[in-house]
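A.B. asks: Below is the structure I would like to discuss, written out as structure tokens.
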Amino acid sequence: MALTVLGQSPDRCLIGGNWVAPIGAQTLTLRNPSDGTTLCQIARGTADDIDAAVAAAEAARSGDWGRATAAERGRVLHKLGQLVLDHCEELARLEALDVGKPLTQARADATALARYMEFYGGAADKLHGQTIPYLDGYTVYTLYEPHGVTGHIIPWNYPMQIIGRSVGAALAMGNAVVLKPAEEACLTAIAFAVLAQKAGLPDGALNVVPGLGEEAGAALANHSGVQHLSFTGSVGVGRKVQQAAANHIVPVTLELGGKSPQVVFDDADIEAALPFLVNAGIQNAGQTCSAASRILVQRGVYDAVVTQMAAAYDSLRVGPAMDDFDVGPLVSSRQKEIVTGFLDQGQGLVKAGQGQIVADAPAGGAYVTPTLFADVPPDHALAQDEIFGPVQTIIPFEDEAEAIAIANGTRYGLVASCWTENGARQMRMARALRAGQVFVNNYGAGGGVELPFGGTGLSGHGREKGFAALYGFSTLKTVAARHG
Ligand code: NAD
0 MALTVLGQSP DRCLIGGNWV APIGAQTLTL RNPSDGTTLC QIARGTADDI
50 DAAVAAAEAA RSGDWGRATA AERGRVLHKL GQLVLDHCEE LARLEALDVG
100 KPLTQARADA TALARYMEFY GGAADKLHGQ TIPYLDGYTV YTLYEPHGVT
150 GHIIPWNYPM QIIGRSVGAA LAMGNAVVLK PAEEACLTAI AFAVLAQKAG
200 LPDGALNVVP GLGEEAGAAL ANHSGVQHLS FTGSVGVGRK VQQAAANHIV
250 PVTLELGGKS PQVVFDDADI EAALPFLVNA GIQNAGQTCS AASRILVQRG
300 VYDAVVTQMA AAYDSLRVGP AMDDFDVGPL VSSRQKEIVT GFLDQGQGLV
350 KAGQGQIVAD APAGGAYVTP TLFADVPPDH ALAQDEIFGP VQTIIPFEDE
400 AEAIAIANGT RYGLVASCWT ENGARQMRMA RALRAGQVFV NNYGAGGGVE
450 LPFGGTGLSG HGREKGFAAL YGFSTLKTVA ARHG
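Sequence positions in the sequence shown follow numbering that gives the first Met the number 0 and run 0 to 483.
Below, the structure is given as structure tokens:
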């Protein structure tokens with residue numbers, strides 16, 4: 000039986016409220032990474048479809064959606080959040096099929112998507128301008144206004160969460176959205192759009208054009224009708240998107256990769272840290288921008304941490320997403336090749352621990368063995384490059400100064416954490432670590448819809464999530480009225 004997405008055929012684009020075949024009438028094959036079988040055909044949108052989507056978004060902006068009050072926008076997002084909760088299980092199953100994400104993790108993503116809608120639904124009418132004391136005879140005030148049409152290009156690793164944080168904030172501010180999901184995984188983007196229609200989002204306020212990056216993605220990034228770009232993905236493509244934005248002088252948010260460290264000091268509560276140290280490397284099979292792929296450990300507890308992390312790795316089981324093992328497959332055979340290439344580069348290193356692919360895992364699945372390397376030199380490729388697979392490196396250090404130098408010793412700066420019971424050191428480390436988010440005695444803070452997120456260096460710029468995203472998805476107007 001052909002796969003449908005909440006009743007919708009997945010080979011369509013949503014443009015101006017209509018589910019239409021792409022103008023070029025071409026499709027792409029979506030595969031199930033757990034076994035390599037074909038899931039369905041999706042639309043292969045091109046520049047013509049992007050043109051139509053941008054026109055539909057512009058019409059929504061100057062129509063019903065543009066006239067909606069902030070409170071009305073918030074109400075639609077709240078309703079959408081409730082619909083997401085109502086369909087949580089179906090969304091989780093679609094994500095597990097499409098991304099290869101173990102079901103429990105996919106359920107958490109669906110819940111996070113609902114939470115984003117609740118948060119941005121509540122925030123829609125909370126961003127207020129100011130009145131500014133000025134010259135005698137003037138009244139001056141500021142207004143936060145939507146950019147207009149916003150383009151959103153997203154990756155395959157956390158489709159629901161990334162839609163939640165970028166599309167949710169953009170809609171809350173009254174922008175009209177054109178969304179280009181990843182060609183490897185776009186089913187929950189389609190499901191989200193189906194639910195948005197049910198929630199009463201006016202036609203054209205959200206348009207979805209699946210397709211290839213070099214076709215639909217590049218067309219969206221280069222479109223002169225787009226007034227803001229939000230890109231989440233690799234550094235290489237981020238560079239192209241920023242160049243495209245420069246041609247039209249439009250603002251761009253870049254949420255790129257990372258090589259994030261967790262720093263464990265001698266006085267840390269190792270027992271408390273252990274689940275965070277391991278989970279931050281293997282969650283979503285390591286295909287997480289904020290994966291903690293580097294574990295820096297002070298000499299006094301080094302052997303204990305290596306031994307305990309190795310034991311945790313040895314107990315990891317890898318298998319099909321629907322069977323909900325600790326680790327699922329990678330998203331595609333191409334991603335498997337990339338990660339296998341990194342594992343080959345680790346040949347001379349100490350393999351401290353390794354998970355196990357279950358015996359009956361389908362041969363066509365994109366499985367790799369989770370691997371923990373110890374005693375890794377900080378300048379080794381495995382400690383410098385984003386791997387995007389279930390691979391972690393442990394690096395020893397002597398003192399705080401060396402820990403900071405190693406932690407900040409990559410070109411990325413997405414997130415970082417430190418584990419120590421020393422309060423003064425916690426404060427010093429929070430300031431010294433170069434990252435957009437720093438965690439003290441935890442990692443990830445439970446996902447934190449409310450917490451501003453984004454990077455420095457090669458990890459990008461601009462902030463999504465939390466209230467901070469509302470500033471990014473709006474433009475500030477100053478009104479100075481002279482009345483005598
Ligand atoms: P990618 O850059 O290959 O693709 C991301 C998106 O860009 C996809 O939709 C793709 O179709 C599109 N794209 C590809 N070429 C394009 C082009 N020339 N013009 C416009 N769009 C184009 O990234 P990926 O492999 O899908 O995702 C993995 C990367 O994303 C990792 O580096 C990861 O760290 C990063 N990521 C970052 C965050 C964050 O919040 N910082 C979150 C998730 C993923």
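Built from N, CA and C at the ideal position, the CB exists for glycine as well. Note that this is a predicted model, so its numbers are computed, not measured.
#1: Leaving out the 5 sequence neighbours to the left and right, which residues in its chain are closer than 6 Å to V262 when beta-carbon positions are compared?
#2: May I ask whether a heavy atom of the ligand NAD can be found less than 7 Å away from the beta carbon of A181?
#3: So L219 and V177 are supposed to be a Cβ contact under 8 Å. How far apart are they, rounded?
#4: Is it buried or exposed, L457, if we count other Cβ atoms within 10 angstroms and call 16 or more buried?
#5: In the DSSP assignment, what are the bridge partners of F264?
#6: Can you look up H86 in the DSSP assignment and give me helix, strand or coil?
#7: Please report the Cβ distance between D97 and P319, rounded to the nearest whole angstrom; I am assuming they are in contact, meaning their Cβ atoms lie under 8 Å.
#8: Is E385 near the ligand NAD, going by C-beta to nearest heavy atom under 7 Å?
#9: Hey, is E94 close to the ligand NAD, as in C-beta under 7 Å from one of its heavy atoms?
#10: To the nearest whole angstrom, what separates the beta carbons of A70 and D124, a pair I think is in contact under 8 Å?
#11: Would you call the CB atoms of L29 and I41 closer than 8 Å?
#12: Would you check whether the ligand NAD has a heavy atom nearer than 7 Å to the C-beta of L255?
#13: Between which two residues does the alpha helix (DSSP H) harbouring T26 extend?
#14: Measure the C-alpha to C-alpha separation of P369 and V357 and round it to an integer number of angstroms.
#15: What residue range does the beta strand (DSSP E) around L295 cover?
#16: Would the beta-carbon of Y411 fall within 8 Å of that of G237?
#17: Cβ of A220 versus every heavy atom of the ligand NAD: is any distance shorter than 7 Å?
#18: What do you get for A500, buried or exposed, if any count of 16 or more other CB atoms within 10 angstroms of its CB means buried?
#19: Tell me where the beta strand (DSSP E) around P158 begins and ends.
#20: Any heavy atom of the ligand NAD closer than 7 Å to the beta-carbon of A488?
#21: When every heavy atom of the ligand NAD is checked, does at least one fall within less than 7 Å of the C-beta of T231?
#22: Within the same chain, show all residues whose beta-carbon is closer than 7 Å to that of L475, passing over the 5 residues directly before and after it, in chain order.
#23: Report yes or no: do the region 101–114 and the region 74–90 share at least 3 C-beta pairs separated by less than 8 Å?
#24: Across which residues does DSSP place A42 in a beta bridge pair?
#25: Would you check if the distance between the CB atom of R433 and the CB atom of T455 is smaller than 8 Å?
#26: Pull the bridge partners of L205 from the DSSP assignment, please.
#27: Looking at the strands, I want to know which residues DSSP matches up with A502.
#28: Put F438 into one of helix, strand or coil per three-state DSSP.
#29: Would E463 and E254 qualify as a contact pair, given that the criterion is a beta-carbon distance under 8 Å?
#30: Quick check on the DSSP output: the alpha helix (DSSP H) that includes M344 runs from which residue to which?
#31: Bridge partners of G352, per DSSP?
#32: Let me know the secondary structure DSSP gives S259 once reduced to three states.
#33: Can you check which of these residues, F118, E57, G354 and V375, is closest to G347 by C-alpha distance?
#34: Quick check on V478: buried or exposed, where buried means 16 or more other Cβ atoms within 10 Å of its Cβ?
#35: According to DSSP, is I248 part of a helix, a strand, or is it coil?
#36: Please determine, among V234, V304 and P328, the residue with the shortest C-alpha to C-alpha distance to F275.
C.D. replies: Inspection of the coordinates gives the following:
#1: In the sequence shown, residue 262 corresponds to position 263, counting from 1. So the list reads L295, A402, A406 and C417, once near-sequence residues are dropped.
#2: Stepping through the sequence shown from its first residue, residue 181 is reached at position 182. A181 Cβ: within cutoff of the ligand NAD.
#3: Taking the sequence shown and counting its residues from 1, the one referred to as residue 219 is at position 220. Taking the sequence shown and counting its residues from 1, the one referred to as residue 177 is at position 178. Contact flag correct, Cβ pair sits at about 6 Å.
#4: For the purposes of this step, residue 457 is taken as the residue at position 458 of the sequence shown. Looking at its Cβ environment, which holds 16 or more other Cβ atoms inside 10 Å, L457 is buried.
#5: Taking the first residue of the sequence shown as 1, we reach residue 264 at position 265. DSSP output for F264 lists no bridge partner at all.
#6: Along the sequence shown, one-based indexing puts residue 86 at 87. H86: coil per DSSP, three-state reduction.
#7: Reading the sequence shown from its first residue, position 98 is the one you call residue 97. Reading the sequence shown from its first residue, position 320 is the one you call residue 319. In fact, because the Cβ distance is near 13 Å, the residues do not count as touching under 8 Å.
#8: What you label residue 385 is simply residue 386 of the sequence shown in a count that begins at 1. Flag set: Cβ of E385 near the ligand NAD.
#9: For the purposes of this step, residue 94 is taken as residue 95 along the sequence shown, with counting starting at 1. No - the ligand NAD has no heavy atom lying nearer than 7 Å to the Cβ of E94.
#10: On the sequence shown, residue 70 is found 71 positions in, with the first residue counted as 1. On the sequence shown, residue 124 is found 125 positions in, with the first residue counted as 1. The pair is a contact, with the Cβ atoms about 5 Å apart (cut-off 8 Å).
#11: Looking up residue 29 in the sequence shown gives position 30. Looking up residue 41 in the sequence shown gives position 42. It is a contact, given that the beta carbons lie within the stated cut-off.
#12: Translated into positions along the sequence shown, residue 255 becomes position 256. Indeed, a heavy atom of the ligand NAD lies less than 7 Å from the Cβ.
#13: The count along the sequence shown starts at 1 and reaches residue 26 at position 27. T26 -> not in any alpha helix (DSSP H); beta strand (DSSP E) instead, spanning T26 to R30.
#14: Here residue 369 refers to the residue found at position 370 when the sequence shown is read from its first residue. Here residue 357 refers to the residue found at position 358 when the sequence shown is read from its first residue. Those two C-alpha atoms are separated by around 12 Å.
#15: Position 296 of the sequence shown holds residue 295. Its beta strand (DSSP E) spans residues R293 to Q297.
#16: Taking the first residue of the sequence shown as position 1, residue 411 is located at position 412. Taking the first residue of the sequence shown as position 1, residue 237 is located at position 238. The answer is no: Cβ separation not under 8 Å.
#17: Along the sequence shown, one-based indexing puts residue 220 at 221. Within the cutoff, so yes.
#18: The structure shown has nothing for residue 500, since the chain only spans 0 to 483.
#19: As a first step, residue 158 is located in the sequence shown; it is residue number 159 there, counting from the start. P158 -> not in any beta strand (DSSP E); alpha helix (DSSP H) instead, spanning P158 to I161.
#20: Residue 488 falls outside the range modelled here, since the chain spans only 0 to 483, and no answer is possible.
#21: Translated into the one-based positions of the sequence shown, residue 231 becomes position 232. Yes.
#22: Here residue 475 refers to the residue found at position 476 of the sequence shown. Once the five neighbours on either side are set aside, the close Cβ partners of L475 are T141 and Y143.
#23: yes
#24: Translated into positions along the sequence shown, residue 42 becomes position 43. Note: A42 sits in a beta bridge opposite T26.
#25: On the sequence shown, residue 433 is found 434 positions in, with the first residue counted as 1. On the sequence shown, residue 455 is found 456 positions in, with the first residue counted as 1. Closer than 8 Å, so yes.
#26: On the sequence shown, position 206 is the one that residue 205 refers to. Answer is V176.
#27: Missing from the structure shown is residue 502; the chain here goes from 0 to 483 and no further.
#28: Position 439 of the sequence shown, counting from 1, holds the residue named residue 438. F438 falls in the strand class under three-state DSSP.
#29: Residue mapping note: residue 463 aligns to position 464 of the sequence shown, counting from 1. Residue mapping note: residue 254 aligns to position 255 of the sequence shown, counting from 1. In this structure, E254 lies closer than 8 Å to E463 by Cβ.
#30: Locating residue 344 in the sequence shown gives position 345, where the first residue counts as 1. It is Gln, not Met, that sits at residue 344 in the sequence shown. Looking at the DSSP string, the run of the alpha helix (DSSP H) that includes Q344 is S332 to Q344.
#31: Residue numbering aside, residue 352 sits at position 353 when the sequence shown is read from its first letter. G352 is bridged to L371.
#32: Numbered from 1 along the sequence shown, position 260 holds the residue referred to as residue 259. Of the three classes helix, strand and coil, the one that applies to S259 here is coil, per DSSP.
#33: For the purposes of this step, residue 347 is taken as the residue at position 348 of the sequence shown. Minimum Cα distance to G347 is reached at V375.
#34: As a working note, residue 478 is residue 479 in the sequence shown. Looking at its Cβ environment, which holds fewer than 16 other Cβ atoms inside 10 Å, V478 is exposed.
#35: As a position in the sequence shown, residue 248 is number 249, starting the count at 1. I248: coil per DSSP, three-state reduction.
#36: Stepping through the sequence shown from its first residue, residue 275 is reached at position 276. Measuring from the Cα of F275, the nearest candidate turns out to be V304.
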